[in-house]
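Notes follow the structure.
Numbering (the numbering used here), first residue to last: 63 to 541.
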């Protein structure tokens, strides 16, 4: 396992007692907080912090010369977002409380216990991360530009909602906190997870794993690995995917299907950043970034008792919700062109020209399979395409298979007048009945007589359209 320092910027320990500094350093490093800087003189703190950024400070109040009481105001004034934990004696609690009011994050009464030290410092690091993330998120959302547009090059879109999502991803990508990605099947959750990894600047690998349908033993062996002799047939030790993702990102897809036993192990991984290989009682630490995804409602699963509440809240430190394709209809033409070109290139064909009516047809469809479904339609259409304008038949058949409706012959009035004519200033306006007849006729023409699609295009139900058509026929018969 690589010895990547954690946190990125060091924790500064300030105490005139060198033995205590060594003890604190040993305790922190044993718990995985390996990036530690020590200072034995309060007068040196300003110079240390001028030379490097730190993520937290552990400050003894009673030191000869420049005491912690003198150092604290300087830190708070120059680094207001930096958490400072003060160390104080039993008879100085009132002083410690005053320090809290002056801007300290927490205080610990000596003698310091390991649990108290680690709990307070980890909370301080979490707060530091959140403050940094909030500042970065504010800057990102106030900006109209992406700092790393190439990271999102595989996400074909010009939808403003997606662009805002990319800005949010840039803001949270560099944080160590878990990220929950949600969205319907086919919206591109793994693409988003890869974008998060690429935007993070992490040097390690991006390791995806789908955990749907796996039992605890398989999940544990896959993620955590095993030692030799852990089970029958384990003749050699094997690294798990968590270890392979060291310094990178582990992406767990279908997290909503995780069984209860595995949920406990994942909670430890997320909360403590450590895990046990199968057959071992020695914990291993990791700094791999954890990104999880699901198309299920995790909150509903949590409420029903099928998903741990503590794990749910840990995983949703950051939440990326990808909109379905039906909420991105302005992307249809762009995605259609992209998938037609890509499928034609892969099949060694010329890119076909889609008819203008195709986007109109697609815009009437809900796409339950989202972008992946549109991609499959395009590949199917290109595979059967010979020459000329692309046929709409493949798309129409795919929609019919999904919706269960069959195209029927259009029942339209004979020779309806062209819709645009009455928009000319010199033409008289039609009556409400005539306008209705022209609008229905145009919708049926655009959908080649498919009444289900025509009703969707008009924003009415199929039953309402049938009623209007019946009225039109009865009116023609009486006329």
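The beta-carbon is built from N, C-alpha and C at its ideal position, and this holds for glycine as well.
The structure presented is a predicted model; accordingly, all values stated were derived computationally and were not measured.
Consult DSSP for residue i and reduce its assignment to one of helix, strand or coil.
{"i": "residue 300", "result": "strand"}
{"i": "residue 220", "result": "coil"}
{"i": "residue 55", "result": "Outside the shown range of the chain (63 to 541) lies residue 55, about which nothing can therefore be said."}
{"i": "residue 168", "result": "strand"}
{"i": "residue 373", "result": "helix"}
{"i": "residue 268", "result": "strand"}
{"i": "residue 109", "result": "helix"}
{"i": "residue 514", "result": "helix"}
{"i": "residue 293", "result": "coil"}
{"i": "residue 119", "result": "strand"}
{"i": "residue 338", "result": "coil"}
{"i": "residue 101", "result": "strand"}
{"i": "residue 241", "result": "strand"}
{"i": "residue 507", "result": "helix"}
Just the C-alpha distance for residue i and residue j, rounded to the nearest angstrom, thanks.
{"i": "residue 411", "j": "residue 522", "result": "40 Å"}
{"i": "residue 242", "j": "residue 385", "result": "14 Å"}
{"i": "residue 228", "j": "residue 396", "result": "18 Å"}
{"i": "residue 95", "j": "residue 71", "result": "11 Å"}
{"i": "residue 146", "j": "residue 108", "result": "14 Å"}
{"i": "residue 207", "j": "residue 466", "result": "44 Å"}
{"i": "residue 269", "j": "residue 320", "result": "18 Å"}
{"i": "residue 239", "j": "residue 379", "result": "6 Å"}
{"i": "residue 350", "j": "residue 311", "result": "5 Å"}
{"i": "residue 307", "j": "residue 73", "result": "25 Å"}
{"i": "residue 444", "j": "residue 464", "result": "20 Å"}
{"i": "residue 534", "j": "residue 514", "result": "18 Å"}
{"i": "residue 530", "j": "residue 496", "result": "12 Å"}
{"i": "residue 459", "j": "residue 318", "result": "33 Å"}
{"i": "residue 161", "j": "residue 130", "result": "10 Å"}
{"i": "residue 461", "j": "residue 427", "result": "7 Å"}
{"i": "residue 420", "j": "residue 455", "result": "10 Å"}
{"i": "residue 176", "j": "residue 132", "result": "26 Å"}
Can you tell me whether residue i is buried or exposed, with buried defined as 16 or more other CB within 10 angstroms of its CB?
{"i": "residue 214", "result": "buried"}
{"i": "residue 424", "result": "buried"}
{"i": "residue 431", "result": "buried"}
{"i": "residue 288", "result": "buried"}
{"i": "residue 259", "result": "buried"}
{"i": "residue 494", "result": "exposed"}
{"i": "residue 179", "result": "buried"}
{"i": "residue 257", "result": "buried"}
{"i": "residue 457", "result": "buried"}
{"i": "residue 295", "result": "exposed"}
{"i": "residue 389", "result": "exposed"}
{"i": "residue 274", "result": "exposed"}
{"i": "residue 80", "result": "exposed"}
{"i": "residue 283", "result": "buried"}
I'd like to know whether the C-beta atoms of residue i and residue j end up nearer to each other than 9 Å.
{"i": "residue 520", "j": "residue 512", "result": "no"}
{"i": "residue 171", "j": "residue 86", "result": "no"}
{"i": "residue 501", "j": "residue 517", "result": "no"}
{"i": "residue 128", "j": "residue 103", "result": "yes"}
{"i": "residue 339", "j": "residue 302", "result": "yes"}
{"i": "residue 447", "j": "residue 244", "result": "no"}
{"i": "residue 508", "j": "residue 422", "result": "yes"}
{"i": "residue 326", "j": "residue 370", "result": "yes"}
{"i": "residue 387", "j": "residue 223", "result": "no"}
{"i": "residue 360", "j": "residue 332", "result": "no"}
{"i": "residue 169", "j": "residue 189", "result": "no"}
{"i": "residue 452", "j": "residue 418", "result": "no"}
{"i": "residue 342", "j": "residue 261", "result": "no"}
{"i": "residue 237", "j": "residue 298", "result": "no"}
{"i": "residue 69", "j": "residue 113", "result": "no"}
{"i": "residue 357", "j": "residue 316", "result": "yes"}
Nearest to residue i by alpha carbon, out of the options?
{"i": "residue 348", "options": "266, 211, 459 and 251", "result": "266"}
{"i": "residue 368", "options": "403, 292 and 324", "result": "324"}
{"i": "residue 398", "options": "428, 440, 494 and 429", "result": "440"}
{"i": "residue 75", "options": "113, 81 and 120", "result": "120"}
{"i": "residue 405", "options": "434, 286, 435 and 442", "result": "442"}
{"i": "residue 156", "options": "179, 185 and 123", "result": "123"}
{"i": "residue 125", "options": "138, 82 and 504", "result": "82"}
{"i": "residue 253", "options": "101, 452 and 353", "result": "353"}
{"i": "residue 400", "options": "389, 222, 391 and 413", "result": "413"}
{"i": "residue 111", "options": "89, 217 and 134", "result": "134"}
{"i": "residue 281", "options": "246, 304 and 393", "result": "304"}
{"i": "residue 392", "options": "504, 316, 218 and 194", "result": "218"}
{"i": "residue 234", "options": "209, 220, 221 and 276", "result": "209"}
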